[in-house]
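Each protein sequence line maps, in turn, to chains A and B. Quick note: the first sequence uses the numbering used here, first residue 961, plus one each step. Quick note: the second sequence uses the numbering used here, first residue 961, plus one each step. Ideal placement from N, C-alpha and C gives every residue a C-beta, glycine not left out. One structure is given below, encoded as structure tokens.
2 protein chains.
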Amino acid sequence: MIIKVGISNRHVHLTKEIYFKLFGKEELEKVRDLDQPGQYASNSFVSIRSGSRIIDNVRVVGPLRNYNQVEISRTDAIKLKVNPPVRDSGDISHSAPIILIGPKGSVALPEGLILATRHIHITKEELKKYGFDGKQKVAVLVNGEKGGIIDNIKFKVLDTAFLTLHLDTDEGNAFDLQSGDEVTLIKSLGSDTNEIKK
Amino acid sequence: MIIKVGISNRHVHLTKEIYFKLFGKEELEKVRDLDQPGQYASNSFVSIRSGSRIIDNVRVVGPLRNYNQVEISRTDAIKLKVNPPVRDSGDISHSAPIILIGPKGSVALPEGLILATRHIHITKEELKKYGFDGKQKVAVLVNGEKGGIIDNIKFKVLDTAFLTLHLDTDEGNAFDLQSGDEVTLIKSLGSDTNEIKK
């Protein structure tokens, strides 16, 4: 089974309340649809800060949600000197704190900073068609000079989905993958359950 | 077979002539030994530039060599808007151009910018002991939440070597590996020879 890749750059999801605090307005403007139905790139950007370390121009992804979440790569985490956990989107309880700075204000989030779990957006119908129960993890084989296997990928099952493997920029760059490239779905190696260090 | 990992940050190797042009002196000062015998971190840093894009504080690794080479990650390449080839160290013919800026001068290298091939430093004796001929590629299994398999790793056979898998920062960060972590050597997947896109 061949599956398309989408590389997610660092981005933030915001509540209406926090968006208003940072931008002084209520409406988030769409500039471009993203691969998943209903999701869009806005023209609103924040800076994210921890201590004296800062990363500018982090895009707000719409629509606004009922939680605040900042998804970064390990490269970003090293730059910010933070150590966020690997989490599924929305699972932000006891994740890392981060400061958001917008044009009209700033907010210190007590939690919400994560590295995203590798995940595949898929519908219930597609899951059934391909013989998965949606609970097992899977892996993908990546061909090319910088090839290999990316393991421990979860399914994110939604009513509407564009079948895509979402990776962060570190994963994309390590395997020389760009959005739109194709990889082969295979069984998980179980590398997250092995005892050996790393 | 378990093998230690070393993560190489972006760095440059210089000839005596180019070092002199950039720094106005002949001697490169050691501040710290690196994992491979005889190799050391110096206290000399250059900026690397392509067009208007620049990355500062790139360390010169000693000793000085008979060629000039700049090793960066794909993340760096995207920042610089360049597209260097994946190459073994020393194989710089027709690699990408780059500008080096030192405290005493700057130099436009017509070639020398590469992404490093994933490689294992090993002695002839160790190769023999583990049953490799040194020509085949290998892979490693990485355990952990961000685990998987890193394929297409070459052996770099030297008279003296500290047995280590050298990866760049993108590869380290994608797999949550730090220098000193351990991975398991396995057979190559052959992912660099497959026809499927990526």
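Item: Are the C-beta atoms of Glu1085 (chain B) and some chain A residue less than 8 angstroms apart?; Value: no
Item: So, Thr1129 (chain B) versus Ile963 (chain B), is the Cβ gap smaller than 8 angstroms?; Value: no
Item: So, is Ile1058 (chain B) buried or exposed, given that buried needs 16 or more other C-beta atoms within 10 angstroms?; Value: buried
Item: Can you check DSSP and say which residues form a bridge with Ile1074 (chain A)?; Value: A:Glu1031
Item: Report back the beta-carbon spacing between Ile1074 (chain A) and Val1117 (chain A) to the nearest angstrom; my notes put them in contact at under 8 angstroms.; Value: Between Val1117 (chain A) and Ile1074 (chain A) the Cβ distance is about 20 angstroms, and since that is not below 8 angstroms, they are no contact.
Item: Cβ of Leu982 (chain A) within 8 angstroms of Cβ of Gly1062 (chain A)?; Value: yes
Item: My understanding is that Ile1008 (chain B) touches Val1030 (chain B), with C-beta atoms under 8 angstroms, so please give their C-beta distance in whole angstroms.; Value: 6 angstroms
Item: So, for Lys1039 (chain B): in the same chain, excluding its five sequence neighbours on each side, which residues have a beta-carbon less than 7 angstroms away from its beta-carbon?; Value: Arg1013 and Ile1015
Item: Which residues in chain A have a C-beta closer than 7 angstroms to the C-beta of Glu1105 (chain B)? List them in chain order.; Value: Val1046, Asn1112 and Asp1152
Item: Assign Asn1133 (chain B) to one of two classes, buried (16 or more other C-beta atoms within 10 Å of its C-beta) or exposed (fewer than that).; Value: buried
Item: So, does the region 1095-1106 of chain A touch the region 993-1008 of chain A, judging by three or more C-beta pairs under 8 angstroms?; Value: no
Item: Measure from the C-beta of Ala1056 (chain B) to each C-beta in chain A and report whether the shortest distance is under 8 angstroms.; Value: no
Item: Less than 8 angstroms between the CB atoms is what I'm expecting for Ser1053 (chain B) and Pro1044 (chain B), so what's the real figure, rounded?; Value: About 13 angstroms; that fails the 8 angstroms criterion.
Item: Applying the criterion that 16 or more other CB atoms from any shown protein chain within 10 Å of the CB defines a buried residue, is Ala1068 (chain B) buried or exposed?; Value: exposed
Item: Starting from Asp1130 (chain A), follow the alpha helix (DSSP H) in both directions and report where the run begins and ends.; Value: Thr1129 to Ala1134
Item: If contact means a Cβ-Cβ distance below 9 angstroms, which residues of the region 1121-1135 of chain B contact chain A?; Value: Leu1127, Asp1128, Thr1129, Asp1130, Glu1131, Gly1132, Asn1133, Ala1134 and Phe1135
Item: Using a Cβ-Cβ cutoff of less than 7 angstroms, which residues in the same chain neighbour Lys1223 (chain A) once the five nearest sequence positions on both sides are dropped?; Value: The question about residue 1223 (chain A) has no answer here: the residues shown for chain A are numbered 961 through 1158.
Item: The beta strand (DSSP E) spanning Phe1122 (chain B) covers which residue range?; Value: Per DSSP, Phe1122 (chain B) belongs to no beta strand (DSSP E) and is neither H nor E.
Item: Show which residues of chain A have a CB atom less than 8 angstroms away from the CB atom of Gly1108 (chain B).; Value: Ala1099, Gly1108, Ile1109, Ile1110, Asp1111, Asn1112, Leu1149 and Ser1151
Item: Could you pull the start and end residues of the alpha helix (DSSP H) that Asp978 (chain A) belongs to?; Value: Note that residue 978 (chain A) is Ile in the sequence shown, not Asp. Counting along the chain, the alpha helix (DSSP H) containing Ile978 (chain A) begins and ends at Lys976 to Phe983.
Item: What do you get for Thr1153 (chain A), buried or exposed, if any count of 16 or more other CB atoms within 10 angstroms of its CB means buried?; Value: exposed
Item: Can you grab the Cα-Cα spacing for the pair Ile978 (chain B) / Gly998 (chain B), in whole Å?; Value: 21 angstroms
Item: Can you look up Asp1036 (chain B) in the DSSP assignment and give me helix, strand or coil?; Value: helix
Item: Starting from Thr975 (chain B), find everything on chain A with Cβ-Cβ shorter than 7 angstroms and list it in chain order.; Value: Per Cβ cutoff of 7 angstroms: no residues; Thr975 (chain B) is ~28 angstroms from chain A at best.
Item: Within its chain, find whatever has a CB closer than 8 angstroms to the CB of Glu1142 (chain A); leave out the 5 residues flanking it on each side and keep chain order.; Value: Ile962, Ile963, Lys964 and Val965
Item: Could you tell me the distance, in whole angstroms, from the CA atom of Thr1120 (chain A) to the CA atom of Asp993 (chain A)?; Value: 15 angstroms
Item: For Arg1047 (chain B), which residues of its own chain have a beta-carbon under 8 angstroms away from its beta-carbon, when the five flanking residues on both sides are left out?; Value: Ser1055, Ile1074, Leu1075, Ala1076 and Thr1077
Item: So, is Asn1026 (chain A) buried or exposed, given that buried needs 16 or more other C-beta atoms within 10 angstroms?; Value: exposed
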